[in-house]
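Peer 1: Protein chains in written order, with this note's numbering: chain A, 6 to 225; chain B, 218 to 321. Every residue, glycine too, gets a C-beta built ideally from N, C-alpha and C. Here's a structure for you.
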């Protein structure tokens, strides 16, 4: 989902930066609050960031012969919500743009919006709805991770389609083409990501039950 | 089923899925979906020219090195957490045992 350097016109780069910055600032305030009021959670926050760091850097081959990367935002979304996830994603994306040639500085705002804001927000809403419906924890975690991952790619396809509409089908034509390419690679990877987070969250719940209850506010 | 067996089965399933994909796509190019779309835009819009070039371009070897360092650091944090957690619970149990012995 990393839109490459210079692929979005300057006006769109500015637009996505303006949309992303408030969320990142909100996330920074959340992280500062966690450090100040709940320092025992620093390590869990670091682990949430590490998952984004590792999973979004790894290009994994998919069944279609092409490769892509998971986003790794599921754990952070469940534990800390979309705002904090936007800050963690922004840190990872800056590192990747500067040192790994993934994405770019001009497209950073757009990439933060898709991976750090839109995907996590959709994942968070899914999580809250499934909690309200009292779905099994494994289903909550799996669905959150999968939705956060896939929505990230839906938004990236939309960001590119708006700028590069097709001659025949317009924005919708480009959107379906880009989305088709992304999703056919991404769906199997999102399922793998969901399974990984089920395992880790189950481990977290067993090894640190008090911490999970403290973060989520009630008993799981 | 014990949690450790469940975790092992889950991890084995993930590894098996990735291995299966690698085997069935042994001769595929494994091009990234980002690159496929970037190339499609370049081909669909013949006049397309990126308006901003990266300020610097690291050699591929150095990029790979940074990628490995990033993945190793991230994995270290996750593994530290997993390794550190049982030691916390062991320490807590030892503390409880000490208290019991002290009171007894």
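1) Under 8 Å by Cβ, that's how I've got residue 119 of chain A and residue 29 of chain A pegged, so tell me the actual separation to the nearest angstrom.
2) Have a look at residue 39 of chain A and residue 51 of chain A and give me their C-alpha separation to the nearest angstrom.
3) Are there 16 or more other CB atoms within 10 angstroms of the CB of residue 156 of chain A, so buried, or fewer, so exposed?
4) Between the region 190 to 218 of chain A and chain B, which residues of the former have CB atoms less than 9 Å from a CB of the latter, in chain order?
5) Please confirm whether residue 278 of chain B has its beta-carbon closer than 8 Å to some beta-carbon of chain A.
6) Contact criterion: CB-CB distance below 8 Å. Does residue 220 of chain A meet it with respect to chain B?
7) Taking buried to mean at least 16 other C-beta atoms within 10 Å of its own C-beta, is residue 311 of chain B buried or exposed?
8) Which residues, taken in chain order from the region 111 to 137 of chain A, show a beta carbon closer than 7 Å to some beta carbon of chain B?
9) What are the boundary residues of the alpha helix (DSSP H) that includes residue 3 of chain A?
10) Going by other Cβ atoms of all chains shown within 10 Å of its Cβ, with 16 needed for buried, is residue 268 of chain B buried or exposed?
11) Which chain B residues sit within Cβ distance under 8 Å of residue 105 of chain A?
12) Got a sec: is the Cβ-Cβ distance from residue 178 of chain A to anything in chain B below 8 Å?
13) Chain B partners of residue 166 of chain A, CB-CB under 8 Å?
14) Of all the alpha helix (DSSP H) runs that stay within the bounds of the region 138 to 210 of chain A, which reach a length of 4 or more residues?
Peer 2: From the atom records:
1) By one-based count along the first chain, residue 119 of chain A stands at place 114. By one-based count along the first chain, residue 29 of chain A stands at place 24. With 8 Å as the limit, residue 119 of chain A and residue 29 of chain A do not qualify as a contact, their Cβ atoms being about 14 Å apart.
2) Here residue 39 of chain A corresponds to residue number 34 of the first chain, with the count starting at 1. Here residue 51 of chain A corresponds to residue number 46 of the first chain, with the count starting at 1. One C-alpha to the other measures close to 12 Å.
3) Taking the first chain and counting its residues from 1, one reaches residue 156 of chain A at position 151. That one is buried.
4) 190, 191, 193, 196, 197, 200, 201, 203, 204, 205, 207, 208, 209, 211, 212, 213
5) Translated into the one-based positions of the second chain, residue 278 of chain B becomes position 61. It does not; no Cβ of chain A falls within 8 Å.
6) Reading the first chain from its first residue, position 215 is the one you call residue 220 of chain A. No, because no Cβ of chain B sits closer than 8 Å to the Cβ of residue 220 of chain A.
7) Numbered from its first residue, the second chain carries residue 311 of chain B at position 94. With fewer than 16 other Cβ atoms within 10 Å, it is exposed.
8) 111
9) An answer regarding residue 3 of chain A cannot be provided, because it is not within the stretch 6 to 225 covered by chain A.
10) Counting from one through the second chain, the residue named residue 268 of chain B turns up at place 51. Its Cβ having fewer than 16 others within 10 Å, residue 268 of chain B is exposed.
11) As a first step, residue 105 of chain A must be located in the first chain, where it is residue number 100. Result: 280, 283, 284, 287.
12) Your numbering for residue 178 of chain A matches position 173 in the first chain. Taking Cβ atoms only, chain B never reaches closer than 8 Å to residue 178 of chain A, which makes this a no.
13) On the first chain, position 161 is the one that residue 166 of chain A refers to. None at all; the shortest Cβ gap to chain B is about 10 Å.
14) 142 to 168
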